[in-house]
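Working notes for the structure below.
2 protein chains.
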Amino acid sequence: MATKTTKDRLLDEAELLCQTRGFNAFSFKALAEALEIKTASVHYHFPTKADLGLALVQRYRERFESQVARVSSGRSSRDRIASYVDIFARLARSHRLCLCGSLAGDFATLSDEVQGEVRDYFAASEAWLEGVLEAGRTAGEVSFQGEARATSRVLIGMLEGTMLSARASGSPNRLRDTKRWILDFLAVPTP
Amino acid sequence: MATKTTKDRLLDEAELLCQTRGFNAFSFKALAEALEIKTASVHYHFPTKADLGLALVQRYRERFESQVARVSSGRSSRDRIASYVDIFARLARSHRLCLCGSLAGDFATLSDEVQGEVRDYFAASEAWLEGVLEAGRTAGEVSFQGEARATSRVLIGMLEGTMLSARASGSPNRLRDTKRWILDFLAVPTP
DNA sequence: GTCTATAAACTGATAGAC
DNA sequence: GTCTATCAGTTTATAGAC
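As given, the protein sequences belong to chains A and B, one line each in that order.
Quick note: the numbering used here has the first sequence finishing at residue 191, numbered continuously throughout.
Quick note: the numbering used here has the second sequence finishing at residue 1191, numbered continuously throughout.
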C-alpha cells in the first residue's frame, strides 16, 4: 500500500477536528501544526476553507456509501440495520460525531456546495433505510407501523441525536443502547 | 413591563446566533453590531466568551424548565409529551436548534462549567421524560416496551437529531412528522 | 510541494475617559 | 454603561523563492 499523501493526511486531521470540535473550531494553523508543515502548504492543497470543507464532506460521503454498500450485503434486513447502526456506534465510541451531523449544526455558515452535500447525505441515508425497512417488512423480517419513510427519518434522527447526547453525557458507548432499542422496536411480534 | 436591558438583548442575540450558526461562529463584534454598541460594552456585561456561554445556557435551561413545568400540567401523559415535542417543533420552525443540542456539537470547545450545564440539561430532560413515560404507562395512557429510561433517551435523541436533519433538508416543519410518529408509537393498542 | 514573508481582517480582551 | 483607543494573537489567504 502506498504511503498516505499530505492531502489525505490533511483530510484525516480535518475530519477528526470537525467531528470532535466542529467546522468553525479548527483552523489551517491547527491542521498545519498537526502535520508539522506550514499553513501556506495547507493552502496549496486546499486554497480556501470552503474547498477543504467540500473535499471533506465528499470523501466522507464516499466512504460512508461504501460502508453502507458492505452493510447492504447483510443476510437479513435486521442484520443490515444492526450493522448500519454499528457505523454510528463506532463513531461515538471514538468520540466523534457523524461528519454530516456535525456540519448540520453549523449549516448556516457553510458554502452552498457543502450545504448541498449535507442535504444529499441525509436524503440518501433516509432513502436507503426506507428501502431496507420496506423490504424487511415485506419479507416479514422487521415490523413497524405506518410508512417506511417516516420511520426511516426518525430513526436516522435518533442516531444523529443520540450521538450528541452520548457525548454530552460522557457516555460514548450509549449507542449500544440505541442499537438494542431499535432492534427491539423492529422485532416481529411472536404470537 | 420593563424595557429589556442591554444584557438581555445581548443574550437574545447570542442565543439566536448560537442556535442558527453555532457557538464558535459568532463573535463579540457580531453581537455589538446587532445592538449598535461597541465590543467593549459587550465585554462590560460578559467579560469573557465563556461567561457569555454560561449565562446563555443557564438562562436557556431556566426558560426550558419553566416551559416543561407548564407542559407538566397537561391533562394526560400523552398530552404532556405532545406539548413537550411542540417546544422543539417551535424551535425548528424558527430555524433554530435546541441550544444545548447545538452546544453538544461544539462540546469539546466549551468551558468546563458550560459542559456541565449541557450535561445536566440532557440528564434533566431524560429524567423528566422518563417519569412521564413511566407514570403514563402505569395509568394506561401510553404504551411501550422495556425500561422508560431507555425510551426516554432515544426519544430525546430523536428530537435533537430530527432538528438537525430538518434543517439540513430545508424542512423546518418536519418536527410535526416526528411528533405524529412519537404519538403513534406510544399509542395504546385497542384490542 | 513546501517554504518564508507578508497582508488585511478579525478575535477576545483590557485600560481608562466620560 | 458606554465610549475611544489599543493590544497581542489568530484567521484566511497570497506572492514568490527553493
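We treat Cβ as the ideally placed atom computed from N, Cα and C, and that holds for glycine.
Asked: Among B:PRO1172, B:ARG1153 and B:ASN1173, which has the Cα closest to the Cα of A:SER171?; Found: B:ARG1153
Asked: Comparing alpha-carbon positions, which option in A:VAL68, A:ALA108, A:VAL114 and A:LEU97 lies nearest B:HIS1095?; Found: A:ALA108
Asked: Measuring only between beta-carbons, confirm whether B:ASP1184 sits less than 8 Å from chain A.; Found: yes
Asked: Taking all protein chains shown into account, decide if A:ALA69 is buried (16 or more other Cβ within 10 angstroms of its Cβ) or exposed.; Found: exposed
Asked: Run through chain A and tell me which residues come within less than 7 Å of B:ALA1192, C-beta to C-beta.; Found: Lying outside 1001 to 1191, the shown extent of chain B, residue 1192 of chain B is not represented and no answer is given.
Asked: Counting contacts by CB-CB distance shorter than 8 Å, is B:ALA1094 in contact with chain A?; Found: The question names Ala, yet the displayed sequence has Ser at residue 1094 of chain B. Judged by the 8 Å Cβ criterion, B:SER1094 is not in contact with chain A.
Asked: Just the C-alpha distance for B:ARG1093 and B:ASN1173, rounded to the nearest angstrom, thanks.; Found: 6 Å
Asked: Which whole-angstrom value is the C-beta distance of B:GLU1126 and B:TYR1060, which I expect to be below 8 Å?; Found: No, B:GLU1126 and B:TYR1060 are not in contact; Cβ-Cβ is about 17 Å, not under 8 Å.
Asked: For A:ASP106 versus B:GLY1022, is the C-beta spacing smaller than 8 Å?; Found: yes
Asked: Is B:SER1143 near B:ARG1149, with beta carbons less than 8 Å apart?; Found: no
Asked: Measure the beta-carbon distance from A:PRO114 to A:LEU129 and round it to whole angstroms, keeping in mind my assumption that it falls under 8 Å.; Found: At residue 114 of chain A the sequence reads Val, which differs from the Pro that was named. Rounded, the Cβ-Cβ distance is 23 Å, inconsistent with contact.
Asked: Distance, Cα to Cα, A:THR39 vs A:GLU13?; Found: 14 Å
Asked: Of all the CB atoms in chain B, is at least one closer than 8 Å to the CB of A:SER143?; Found: no
Asked: Any C-beta of chain A sitting closer than 8 Å to the C-beta of B:THR1048?; Found: no
Asked: Nearest-angstrom Cα distance between A:ARG80 and A:ALA124?; Found: 16 Å
Asked: Quick one: what's got a C-beta closer than 6 Å to A:PHE46's C-beta in the same chain, skipping five residues either side?; Found: LEU52
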